[in-house]
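Okay, so here's the structure we're looking at.
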Amino acid sequence: MPANLTPDYLAAEREYKQAQTPGERIAALENMLALVPKHKGTEKLQADLKRRLSQTRKESQKKGAAHSTPFYLIEREGAGQVALIGPPNSGKSQLVRALTHAEPEVGDYPFTTRFPTPAMMRFENVQIQLVDLPPLAAEFTVPWLAHPIRRATMSVLVADPNDANVLDEIGFIEQTLDAWRVAPPGLLVANKADLPGFEEAFAVLEELFRPRYRCLALSAKAGKNLECFARAVFDSLHLVRVYTKPPGKKADLTTPYVLNRGQTVLDAAKLVHKAFAEQLKFARLFHLSGSHDGMMVERTHAVEDGDILEFHI
Numbered sequence: 001m002p003a004n005l006t007p008d009y010l011a012a013e014r015e016y017k018q019a020q021t022p023g024e025r026i027a028a029l030e031n032m033l034a035l036v037p038k039h040k041g042t043e044k045l046q047a048d049l050k051r052r053l054s055q056t057r058k059e060s061q062k063k064g065a066a067h068s069t070p071f072y073l074i075e076r077e078g079a080g081q082v083a084l085i086g087p088p089n090s091g092k093s094q095l096v097r098a099l100t101h102a103e104p105e106v107g108d109y110p111f112t113t114r115f116p117t118p119a120m121m122r123f124e125n126v127q128i129q130l131v132d133l134p135p136l137a138a139e140f141t142v143p144w145l146a147h148p149i150r151r152a153t154m155s156v157l158v159a160d161p162n163d164a165n166v167l168d169e170i171g172f173i174e175q176t177l178d179a180w181r182v183a184p185p186g187l188l189v190a191n192k193a194d195l196p197g198f199e200e201a202f203a204v205l206e207e208l209f210r211p212r213y214r215c216l217a218l219s220a221k222a223g224k225n226l227e228c229f230a231r232a233v234f235d236s237l238h239l240v241r242v243y244t245k246p247p248g249k250k251a252d253l254t255t256p257y258v259l260n261r262g263q264t265v266l267d268a269a270k271l272v273h274k275a276f277a278e279q280l281k282f283a284r285l286f287h288l289s290g291s292h293d294g295m296m297v298e299r300t301h302a303v304e305d306g307d308i309l310e311f312h313i
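Residues in the sequence shown are numbered from 1 upward in steps of one, following this note's numbering.
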């Protein structure tokens with residue numbers, strides 16, 4: 001059976017052949033493995049890609065390999081890494097400026113952002129990493145853009161509803177992400193809510209895309225709805241914050257342990273200390289709202305945002 005390799009796969013293969021470092025080869029191989037057609041005719045190719053990827057990862061762990069990580073792969077920090085994607089002039093960089101202490105270049109001309117720019121956004125008592133990326137556009141898209149989007153915990157699509165081409169731009173981005181086999185954005189942000197005519201344009205955008213995305217209107221320039229954006233990102237990451245308290249004492253509510261929704265009391269105990277978790281018998285559950293105070297829960301009990309746990313060994 002013929003492999004029928006796609007143009008996107010062949011482009012990723014060329015990127016692999018041009019790679020100079022283990023990090024670049026790993027990124028290219030991951031892209032090739034994601035893009036290779038999955039059928040009987042490519043089973044040997046898939047196995048070969050997995051073998052090469054495993055071997056290259058081992059090479060990257062050798063001394064000095066950490067210094068060869070490609071510039072476009074940003075190390076994750078905080079509770080989650082969120083890639084900001086969108087067409088030119090959608091206001092991604094302005095949003096990063098408004099939400100963090102970073103100062104990415106902002107201009108009224110397209111393609112201002114040329115390299116990934118990481119910055120930390122604070123949501124209440126949790127830090128979340130935002131990564132401003134070059135635009136996704138039909139006229140030009142940097143060849144490495146799929147890698148940081150794929151590596152991120154989630155992506156957010158930032159668009160300008162007042163742009164006459166916004167529907168075509170979003171359609172191109174969706175098609176490109178699908179061709180790259182990258183997960184769709186977790187949130188659609190309509191920026192520039194301070195401009196005239198925004199409400200009508202946003203209503204149209206929301207009606208069209210609400211079935212696929214949670215839509216949020218904001219203005220990075222005017223600082224409108226930025227807190228709602230931070231909350232929406234936190235919720236989209238499916239995170240929960242858990243606090244601990246010694247028996248008979250108050251809880252420390254300044255620095256939570258951050259877990260994924262669905263994780264358990266035992267998972268929270270492991271974050272405190274691995275050996276401690278091994279000896280855990282049960283926990284008593286308290287909550288910021290005052291409900292469930294002192295209720296005994298098993299190790300397998302799923303934690304929720306704002307839970308306070310008193311561990312017993």
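Every residue, glycine too, gets a C-beta built ideally from N, C-alpha and C. Please read these numbers as outputs of a predicted model, since none were measured by experiment.
Supposed close pair residue i, residue j - CB separation, criterion 8 Å
| i | j | result |
| --- | --- | --- |
| V131 | V189 | At roughly 15 Å, the Cβ-Cβ gap does not stay under 8 Å, so V131 and V189 are not in contact. |
| V240 | D293 | Contact flag wrong, Cβ pair sits at about 18 Å. |
| A179 | D8 | 5 Å |
| G223 | A19 | Contact doesn't hold; Cβ gap of about 42 Å is too wide. |
Buried/exposed call for residue i, threshold 16 Cβ in 10 Å
| i | result |
| --- | --- |
| G262 | exposed |
| R150 | buried |
| V303 | buried |
| G23 | buried |
| F229 | buried |
| E103 | exposed |
| R318 | Nothing can be reported for residue 318: it is not among the residues displayed for the chain, which extend from 1 to 313. |
| F115 | exposed |
| A47 | exposed |
| A12 | buried |
| N125 | exposed |
Among the options, nearest to residue i - alpha-carbon criterion
| i | options | result |
| --- | --- | --- |
| P134 | L145, R151, V126 and N125 | L145 |
| D252 | T6, F282, E43 and H287 | H287 |
| E139 | T176, F198, T56 and P256 | T176 |
| D160 | G80, E206 and M295 | E206 |
| T254 | L33, E298, G91 and F123 | F123 |
| L285 | T244, Y257 and L271 | T244 |
| T21 | Y9, E30, H39 and P70 | P70 |
| A170 | F209, T56 and P143 | The amino acid at residue 170 is misidentified as Ala; the sequence shows Ile. Considering only alpha carbons, the answer is F209. |
| A268 | A183, E298, K249 and P247 | E298 |
| E43 | L5, P247 and H101 | L5 |
| Y16 | V182, N125, L53 and S60 | L53 |
| S204 | R76, Q279 and A164 | Just to set this straight, residue 204 is Val in the shown sequence, not Ser. That would be A164, whose Cα lies nearest to the Cα of V204. |
| P247 | M296, P211, D235 and K274 | M296 |
| T100 | K250, E227 and K38 | E227 |
Residue i vs residue j beta-carbon contact at 8 Å
| i | j | result |
| --- | --- | --- |
| A201 | N225 | no |
| L157 | P185 | yes |
| V283 | E310 | Looking at the sequence shown, residue 283 is not Val but Ala. Yes. |
| V242 | L259 | yes |
| T153 | L237 | yes |
| L187 | L216 | yes |
| G91 | Q129 | no |
| I26 | R57 | yes |
| L29 | L10 | no |
| K281 | I308 | no |
| L33 | H147 | no |
Residues near residue i in its chain [Cβ-Cβ closer than 6 Å; skip 5 each side]
| i | result |
| --- | --- |
| Q127 | G78 and M120 |
| A137 | P87 and P88 |
| A66 | Because the pLDDT at A66 is just 49, under 50, the model does not fix this residue reliably, and the point stays unresolved. |
| S155 | A83, I85, I149 and P185 |
| F172 | A138 |
| Y213 | L188 |
| E142 | Before going on, a small fix: residue 142 reads as Val here, not Glu. If we look at V142 and ignore the five residues flanking it on each side, its Cβ neighbours are P134. |
| V96 | A102, P104, A119, L130 and D132 |
| E59 | P22 |
| F234 | F123 |
| L195 | N162 |
Spatial neighbours of residue i in its chain, beta-carbon cut-off 7 Å, leaving aside the 5 residues before and after
| i | result |
| --- | --- |
| F198 | P161, N162 and K192 |
| V182 | A146, I149 and R150 |
| Q279 | I313 |
Close beta carbons around residue i, own chain, < 8 Å, minus the five adjacent residues each side
| i | result |
| --- | --- |
| Y257 | R241, V242, Y243, T244, A268, L271 and V272 |
| T264 | R299, T300, H301, A302 and V303 |
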